[in-house]
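> Residue numbers for the sequence shown, in my numbering: 112 to 609. I am attaching a structure below and will ask some questions about it afterwards.
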Amino acid sequence: MLLQPTLEDARRIVADLGRVLAVVAAAGAIPLAWAVALREWGPAGDLLLMMGVAGLLAGLAETLAPKTRKPPVWGHGLIVVALVWLVVPAIGAIPLALSGHYGDLIDAYFDAMSGITTTGLATIQDLDHLAASTNVWRHTLQFLGGQGIVLAALVFFSASGALSLYEAEARDQRIFPSVGSTARFIWLVSLVHGLFGITALTIDGVVAQGFDWSRSLFHGFTIFMAAFDTGGFSPQSTSIAYYHSASFEAVVGVLMLAGAISFGLHHAMWQRRANLLRNIEVRTFASTVVVTLLVTLTGLSVAGIYSDTPSLLRRGFFQLLSAHTGTGFATVSSAELSRWSGLAFAGVTVAMALGGMSSSTAGGVKSLRIGLTVKSVLMSVRDALSPSRAVISRSYYQYGRHRLEPELANSAMAISLLYVALYLLGGAIGLAYGFGLAESLFESVSAAAAVGLSVGVVSAEMPVVLQIVMILQMWVGRLEFIAVFALIGFWVSVARGE
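Now the structure itself:
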């Protein structure tokens, strides 16, 4: 059902959007502090301009806030979130565009969208010489996108329609009865992992790689934000291969896995609940990781790309984990990854498409939907093969026993099929521009599932139309379709004058 827009609807949407922009303006203080500390005055000015634009728009939006006691319409939250993921990259791209490391505004917007959707694909030029504070801003965008700038708005503002805003951001699991309490818990989890991750990575940089403390802190801080938020941006063009450290990769692997599991599972583990392995989502995620890993390692072994077993296991496992968690870090170059033909290439591509758990920072179809879809199909098969009087269990276990209603099963299957269609659409556009089938599908899945691994299609020289298609893929895939459909419906209503 389309939201019937009125002036009050528009004002309410603008007001909620303004609250989010206020968070973006405040977040700019993180890289600004870095710029002042390092005396990077040019980037500091760029960041101040971005903060000023975001703050000005937030202030203007606040003046339009409706003075009404009417309850918010459910569609408001969907439309606000869909707009947030279009508007914030435009504002966040300001320091990137002014850095001199992007060919044009579309390149800068592409990277800002890649950051806020926690994708990690990049069109930046000469990343190794980008100002540290601008690099911190790229990673701050990923942190905001992964934790949820809408969640931050819910924590610091008493936003109306909190539930619709929360669920419109592709989060369907409330840990506490209050959405605000759930949002605060998510940020607490991030803080705890941040203390562990930044400390461990910083110490590793000093001890294992010989960095000084300031340089090591910079790398630890940026890599943590990209790892835990399954973003994949790196301060160096060679990604995690830059560090040449097995211990560094191990810490990053733990952070990627922590980001890919649901915040509900984090809460359950903190509460030391039993029977977590009975959860359909935990079982599905573990099963798909094991299967795709075996496929990938088998493919690498058959192809003979690596001459020794330790190199095969280390590179194969890290790339597979990075793909399945939707992070996009790599310990091999794009050229080397493109040589993973056959089973290895297929294993990584499927892992990207499947993604992490629901209500996490990862993208993709999500393990819960996969588990519910498989269970629904198996029940249908058992229905067909069993006697008419047979009693078939129609429940699943996820923090307790639940009935698998047809509506839930159909919804999981529908979203899964929409993701497949999105993957195929991007692959077809890549084919139209002359890229190979495997490469086109790989990059399409990486963009739509918010992963960030690349075999070289995404670059500063990529066709503009393909670039725009991938921007839309990142946007639609991050929001999991529903909020995008709501925004389209809203504009259709406006165009019709309804």
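No residue lacks a Cβ here, since even glycine has one placed at the ideal position from N, Cα and C.
Look at the Cβ atom of Trp248, then the Cβ atom of Gly410, and state whether they are nearer than 9 Å.
Start at 1 with the first residue of the sequence shown, and residue 248 comes out as number 137. Start at 1 with the first residue of the sequence shown, and residue 410 comes out as number 299. Cβ atoms of Trp248 and Gly410: not closer than 9 Å.
> Using the Cα positions of Thr403 and Met581, report the straight-line distance between them to the nearest angstrom.
Residue mapping note: residue 403 aligns to position 292 of the sequence shown, counting from 1. Residue mapping note: residue 581 aligns to position 470 of the sequence shown, counting from 1. Answer to the nearest angstrom: the Cα atoms are 25 Å apart.
> With a cut-off of 8 Å, do at least 3 Cβ pairs link the stretch 511-519 to the stretch 438-451?
no
> Distance, Cα to Cα, Met524 vs Asn386?
The sequence position of residue 524 within the sequence shown is 413, counting from 1. The sequence position of residue 386 within the sequence shown is 275, counting from 1. Met524 and Asn386: Cα-Cα distance of roughly 26 Å.
> Would you call the stretch 146-165 and the stretch 195-213 in contact, with 3 or more CB pairs under 8 Å?
yes
> How close, in whole Å, do the beta carbons of Leu423 and Leu408 come, if the pair is a contact with beta carbons under 8 Å?
Translated into the one-based positions of the sequence shown, residue 423 becomes position 312. Translated into the one-based positions of the sequence shown, residue 408 becomes position 297. Correct: roughly 7 Å between the Cβ atoms.
> May I ask you to verify whether the stretch 569-588 touches the stretch 539-554, counting CB pairs closer than 8 Å and requiring at least 3?
yes
> Going by CA-CA distance only, name the one from Thr341, Val318 and Ala371 that's closest to Phe359.
In the sequence shown, the residue the question calls residue 359 occupies position 248. The shortest C-alpha separation from Phe359 is found at Val318.
> Rounded to a whole number of angstroms, what is the C-alpha to C-alpha distance between Phe329 and Thr245?
On the sequence shown, position 218 is the one that residue 329 refers to. On the sequence shown, position 134 is the one that residue 245 refers to. In a straight line, the C-alpha of Phe329 is about 12 Å away from that of Thr245.
> Would the beta-carbon of Val393 fall within 9 Å of that of Ser478?
Taking the first residue of the sequence shown as 1, we reach residue 393 at position 282. Taking the first residue of the sequence shown as 1, we reach residue 478 at position 367. For Val393 and Ser478, yes; Cβs fall inside 9 Å.
> Which residue's Cα is closest to the Cα of Ser292: Gly375, Asp222, Val135 and Leu207?
Mapped onto the sequence shown, residue 292 falls at position 181. Nearest C-alpha to Ser292: Gly375.
> Can the beta-carbon of Ile615 be found closer than 9 Å to that of Phe601?
The chain is shown only over 112 to 609; residue 615 falls outside these bounds and no answer can be derived.
> Check whether the stretch 203-217 and the stretch 143-152 are in contact - that is, three or more C-beta pairs closer than 8 Å.
no
> Tell me whether Ser210 sits in a helix, a strand or coil according to DSSP, three-state version.
On the sequence shown, residue 210 is found 99 positions in, with the first residue counted as 1. Residue state, collapsed to three classes: coil.
> Taking Arg326 as part of the beta strand (DSSP E), name the residues at either end of that continuous run.
One-based indexing of the sequence shown puts residue 326 at position 215. That residue, Arg326, is in no beta strand (DSSP E); its alpha helix (DSSP H) goes Trp324 to Phe339.
> Express the C-alpha separation of Ala146 and Ile526 in angstroms, rounding to a whole number.
Start at 1 with the first residue of the sequence shown, and residue 526 comes out as number 415. Start at 1 with the first residue of the sequence shown, and residue 146 comes out as number 35. Cα-Cα distance, rounded: 42 Å.
> Give the DSSP-derived three-state secondary structure of Tyr353 in the structure shown.
The sequence position of residue 353 within the sequence shown is 242, counting from 1. Residue state, collapsed to three classes: helix.
> Going by beta carbon distance, what residues of the same chain come within less than 7 Å of Ser327, once the five residues before and after it are set aside?
Stepping through the sequence shown from its first residue, residue 327 is reached at position 216. Thr313, Gly316 and Val317, listed in sequence order.
> By how many angstroms is the C-alpha of Phe428 removed from the C-alpha of Asp419?
For the purposes of this step, residue 419 is taken as the residue at position 308 of the sequence shown. For the purposes of this step, residue 428 is taken as the residue at position 317 of the sequence shown. Taking the straight line from one Cα to the other gives about 14 Å.
> Would you call the CB atoms of Ala571 and Thr234 closer than 9 Å?
The residue given as residue 571 occupies position 460 in the sequence shown. The residue given as residue 234 occupies position 123 in the sequence shown. A contact, by the Cβ cut-off of 9 Å.
> Anyone know if the C-beta pair for Phe254 and Met367 falls short of 9 Å?
Taking the first residue of the sequence shown as position 1, residue 254 is located at position 143. Taking the first residue of the sequence shown as position 1, residue 367 is located at position 256. No, the Cβ-Cβ distance between Phe254 and Met367 is not below 9 Å.
> Please classify Thr117: is it buried, with 16 or more other beta-carbons within 10 angstroms of its beta-carbon, or exposed?
As a working mapping, residue 117 is identified with position 6 in the sequence shown. Classification of Thr117: exposed, given that the 10 Å Cβ count is below 16.
> Can you tell me where the beta strand (DSSP E) holding Ser612 begins and where it ends?
Here the chain covers residues 112 to 609 and nothing more, so residue 612 does not appear.
> Between Ile334 and Val363, is the Cβ-Cβ spacing less than 9 Å?
In the sequence shown, the residue the question calls residue 334 occupies position 223. In the sequence shown, the residue the question calls residue 363 occupies position 252. Contact flag set, yes.
> Quick check on Ile599: buried or exposed, where buried means 16 or more other Cβ atoms within 10 Å of its Cβ?
For the purposes of this step, residue 599 is taken as the residue at position 488 of the sequence shown. Exposed: under 16 other Cβ atoms inside 10 Å.
> Pop quiz: Thr442 and Ile351 are said to be a contact at Cβ under 8 Å. What is the actual Cβ separation, rounded to whole angstroms?
Looking up residue 442 in the sequence shown gives position 331. Looking up residue 351 in the sequence shown gives position 240. Yes, Thr442 and Ile351 are in contact; Cβ-Cβ is about 5 Å, under 8 Å.
> Rounded to the nearest angstrom, what separates Ile416 and Met573 at their Cα positions?
In the sequence shown, counting from the first residue as 1, residue 416 sits at position 305. In the sequence shown, counting from the first residue as 1, residue 573 sits at position 462. Distance between the alpha carbons of Ile416 and Met573 is about 28 Å.
> Just to confirm the assignment, what range does the beta strand (DSSP E) spanning His240 have?
In the sequence shown, counting from the first residue as 1, residue 240 sits at position 129. From DSSP, His240 is part of no beta strand (DSSP E); its letter is neither H nor E.
> Any idea if Leu128 is buried or exposed, counting beta-carbon neighbours within 10 angstroms, 16 or more meaning buried?
Translated into the one-based positions of the sequence shown, residue 128 becomes position 17. The residue is buried, with at least 16 neighbouring Cβ atoms inside 10 Å.
> Arg249 by DSSP, collapsed to three states: which one?
What you label residue 249 is simply residue 138 of the sequence shown in a count that begins at 1. Helix.
> What separation, rounded to the nearest whole angstrom, lies between the Cα atoms of Ile593 and Ser522?
In the sequence shown, counting from the first residue as 1, residue 593 sits at position 482. In the sequence shown, counting from the first residue as 1, residue 522 sits at position 411. So the alpha carbons of these two residues sit roughly 11 Å apart.
> Does the distance from the C-beta atom of His377 to that of Gln320 stay below 9 Å?
Within the sequence shown, residue 377 is the residue found at index 266, counting from 1. Within the sequence shown, residue 320 is the residue found at index 209, counting from 1. Not a contact, by the Cβ cut-off of 9 Å.
> Given that a residue counts as buried once 16 or more other Cβ atoms are within 10 Å of its Cβ, and exposed if not, what is Val192?
The sequence position of residue 192 within the sequence shown is 81, counting from 1. It counts as buried.
> For a quick check, are the C-beta atoms of Met490 and Ser557 less than 9 Å apart?
For this step, residue 490 is matched to residue 379 along the sequence shown. For this step, residue 557 is matched to residue 446 along the sequence shown. Cβ distance not < 9 Å, so Met490 and Ser557 don't count as in contact.
> My output table needs one value for Arg384: the three-state DSSP class, helix, strand or coil.
Mapped onto the sequence shown, residue 384 falls at position 273. It is coil, neither helix nor strand.
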